[in-house]
Structures are given as structure tokens and as C-alpha cells.
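Q: A single structure is presented below for examination.
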Amino acid sequence: MISDLYHNRMQGVGGMGVWGARGSSEEKIFSGAYRVKSSSRPITVSVGDAPANRLAMDDAPTDGNGRYLFFDDDSSCTGLLTRTHRIVVGGGYSGCLYSVYDVGGGEYQCVHTPRPNTAKKEDFVMALRAYAKDKGWVLIHEVPTVADAQGGVGVNGCVTTFLATRVSYTVAPTPMVRTVRLRLNSMGLSVGRDRWETPT
């Protein structure tokens, strides 16, 4: 699926990649001091209807194959990749940092960290990195979402950025973590794509 998004065989994301409101049961504070919390929802991720074949997301409160990662202005939000939920997706990025960490036991935390346009722009990023170090998390990759010459809000019709990460456990000798960054236009179609692949 990550390859299909990157090569534009799946030509974008349904519903602009932005999910609705979260419930209180979908959040858990990991650290108040470091401003890190779990904030995601189980979903089913699939290929949408032809011809665009856009990524589709459906609520799956009791099962599903993935998780939708939420966002907060004052905390890093995490979503856990596991053998059950092998894909984490999230939208609405416009300058925040997206990170993936190996947390052990074949599981990975995907993290959406705010970068407010203030003098303290990097405070949440530094807090996340300190928390990860304390917990023994191993950084897999970091993905910036700020606009640049090649893509981002205002470039080629892009209005928002969407991230998706999937772990493949069948790749020997160690799992492969793949992330795609999509720049989406107002119809949810991809106008820019970048990919990160990291054996763990």
C-alpha cells in the first residue's frame, strides 16, 4: 500500500485524510512533563474505488488493520504499529514533525509533534526526543512536513500533508518500516510524494 501511494497507483486519500473528533478512551497520557500521549483510533485502511483508488479509512472500534493518528497543538500524539495494526495514518500536517520509533517487541510508535510558529517552535520536538531517550525508544526516521521548494502547502495546489507508515514483518532478516508523505490538493488527490524505508 505504501508503494502504491508513492507511485500514485493509489492517487490520494479519501476525505482529505482528516478524521473526526476523538473520544476520551482514545487518549492516554504517557508523560505530562514531556507532553507525550497516546492518541489514535483503530480503523480499517483499504483501497478505494477506481479509477483514483484513493486510500479509504473506515471506523473499526473492535478490530481493523490500522490506526488513525490524531493531533494536538500542545502535545506529541502517538499511534502504535503492531502485528494487528500494521499501518498508521494521519492528516492535517503543515509544518509539524512526524517520527517513527522502535519501542521493542516488534512494535513501533508513530508520533505527530507540533511545531508552533513561535520562539518555542522546537520545544515539543526536544521534549519528545528526551522522552524517547528516557524510554529507550530507537529512532527509525523523522519526516518533516514543512513546505519546501518541491512540495507543501501552497506548492502545486497542495493544501495539506498526509503521512502513512506500514511495517512489513515478512521482510528478512528484520522488519521493514516504510513511510510515505503525500501532499494533497483540495480534492484529496496527491500532488507530491516522498518515501522513507528503514530496516530495523
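FYI, our numbering numbers position 177 of the sequence shown as 179, with every residue one higher than the one before it. All residues carry an ideal CB built from backbone N, CA and C; glycine is no exception.
1. Can you give me the start and stop residues for the beta strand (DSSP E) that Y189 sits inside?
2. Can you tell which of T120, K122, T167 has the C-alpha that lies nearest to the C-alpha of T80?
3. From what residue to what residue does the beta strand (DSSP E) around G69 run?
4. Among R37, A35, Y171, G156, which residue has its Cα nearest to the Cα of G97?
5. Three or more C-beta pairs closer than 8 Å, one from the region 100-120 and one from the region 133-146: is that the case here?
6. Taking the alpha helix (DSSP H) that Y204 belongs to, which residues open and close that run?
7. Ends of the alpha helix (DSSP H) at Y8?
8. Within 8 Å, do at least three Cβ pairs link the region 146-154 to the region 26-39?
9. Would R85 be called buried (16 or more neighbouring beta carbons within 10 Å of its own) or exposed?
10. Going by other Cβ atoms of all chains shown within 10 Å of its Cβ, with 16 needed for buried, is S77 buried or exposed?
11. By a C-beta neighbour count over all protein chains shown, 10 Å radius and 16 as the cutoff for buried, is R180 buried or exposed?
A: So, to answer that:
1. According to the sequence as given, residue 189 is Met; it is not Tyr. Premise fails: M189 is in no beta strand (DSSP E) and is neither H nor E.
2. T167
3. Per the sequence shown, residue 69 should be read as Arg rather than Gly. Its beta strand (DSSP E) spans residues 68-71.
4. G156
5. yes
6. Here the chain has residues from 3 to 202 only, and residue 204 is not among them.
7. 4-8
8. no
9. exposed
10. buried
11. buried
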